[in-house]
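Numbering (my numbering), first residue to last: 1 to 448.
Idealized CB from N, CA, C, for every residue including glycine.
On a predicted model such as this, the values are computed, not experimentally measured, just so you know.
Everything below concerns the one structure shown next.
See below:
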């Protein structure tokens, strides 16, 4: 027992182990749910924050990479312009400084006009020397600025040349891609025109049959490829392909359906319209694969791209253009050949298991017959036991009745044994007097 104090009324009460465990479980579950909810919210916020940070970094990186060259060009231009302005300002400052010093010297000379000619000559020499030094300094500064300007100009020219070269390379690549795309389009158009021209003189079925017969002796010497002429089920495919590696061991089987449509046809059919019927024909003829060789939907990028797997609609079904007729057979056949050994082994095991299967059948028949006879005998045995139990119950009932009768007879005998003249005359004076007289008479007779 546990003693718990109520937080509201401050009263103590006791609770058993089961109730205490239930309350503890509720508190733990609530705390666990609360902590779990908080952790999930924190994880979700961190996830969103990480995604936003990654997107922001990616966007910034792309923007920086895209603007890098432009910024470099602008920087170089700005530096060049700033250099030219600095050169002009330096020249202007140098001239202003020289002029200022010259004016100061002139003013000083005017103030000291009373000094000697020697002093004047000396001042003129110093002034000339100062002007020469200033000029040399200005020339040196101009040379440094011009050199830096030339370096910046060459750098800018190099960047512009590199940019022009890059633009030229991109234009050449783009032109090559456009040329390749145009050549591909022309190739498809030419193929379509040649294919349509070929279909004028022969049907699509004949075309596929001719293509197969060209390679039959070399690639498919033991294969069966014939028209499906069995229309007993109400419909039939166009061609059936079968190949066996050994008698009774099939490598692969395909139900083919060929569909062509003239450009002048008013109602244009779609490949989807024939898939259900093809799957039905494949199932009825016991073929493993189903292939629709189609010229329908000539502008569809999906079907023009090659072999289209439509197994999501019907199992083991493909839609191909006529140029992929032989390749799809080769692909499926090569894939099926890897399972031939397994199929052959399975057929051999099945042949070996014929006797075992027959033995198991006889054993099963014996077991069923024995089980039936055993069940019949068991039912009869149970019925006999049931009847014996019922007879035993009847005998027990008879025994019980006899025991009751015996008890009644015993009681009757005890009552008869307890019967006396005294008990009969007790409370009856008349009968007591009569029996007394009879006893007296008997005593008199006995004494005589």
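Please report the Cβ distance between residue i and residue j, rounded to the nearest whole angstrom; I am assuming they are in contact, meaning their Cβ atoms lie under 8 Å.
| i | j | result |
| --- | --- | --- |
| residue 255 | residue 285 | 6 Å |
| residue 328 | residue 320 | 5 Å |
| residue 306 | residue 324 | 6 Å |
| residue 239 | residue 220 | No, residue 239 and residue 220 are not in contact; Cβ-Cβ is about 13 Å, not under 8 Å. |
Looking at the strands, I want to know which residues DSSP matches up with residue i.
| i | result |
| --- | --- |
| residue 310 | Answer by DSSP bridge pairing: none, since residue 310 is not bridged. |
| residue 226 | 240 |
| residue 257 | 292 |
| residue 246 | 249 |
| residue 317 | 290 |
Are the beta-carbon atoms belonging to residue i and residue j less than 7 Å from one another?
| i | j | result |
| --- | --- | --- |
| residue 288 | residue 253 | yes |
| residue 261 | residue 302 | no |
| residue 275 | residue 241 | no |
| residue 293 | residue 322 | yes |
| residue 454 | residue 180 | Nothing in the structure corresponds to residue 454, since the chain is present only between 1 and 448. |
| residue 234 | residue 228 | no |
| residue 251 | residue 336 | yes |
| residue 211 | residue 326 | yes |
Within 10 Å of its beta-carbon, does residue i have 16 or more other beta-carbons around it, so buried, or fewer, so exposed?
| i | result |
| --- | --- |
| residue 290 | buried |
| residue 455 | Nothing can be reported for residue 455, as the shown portion of the chain is limited to 1 through 448. |
| residue 318 | buried |
| residue 45 | exposed |
| residue 282 | buried |
| residue 513 | Nothing in the structure corresponds to residue 513, since the chain is present only between 1 and 448. |
| residue 60 | exposed |
| residue 10 | exposed |
| residue 408 | exposed |
| residue 204 | buried |
| residue 209 | buried |
| residue 375 | exposed |
| residue 373 | exposed |
| residue 278 | buried |
| residue 53 | exposed |
| residue 332 | buried |
| residue 271 | buried |
| residue 201 | Its pLDDT being 37, under 50, residue 201 is placed unreliably in this model, and the value from its coordinates should be taken loosely. Counting Cβ neighbours within 10 Å, residue 201 comes out exposed, since fewer than 16 surround it. |
Taking 7 Å as the CB-CB limit, is residue i close to chain C?
| i | result |
| --- | --- |
| residue 360 | Checking the listed chains, one finds no chain C in this structure; it contains a single protein chain. |
Next on the checklist: Restricting to runs no shorter than 4 residues, where is the alpha helix (DSSP H) found entirely within the segment 331-419?
Outcome noted: 340-417
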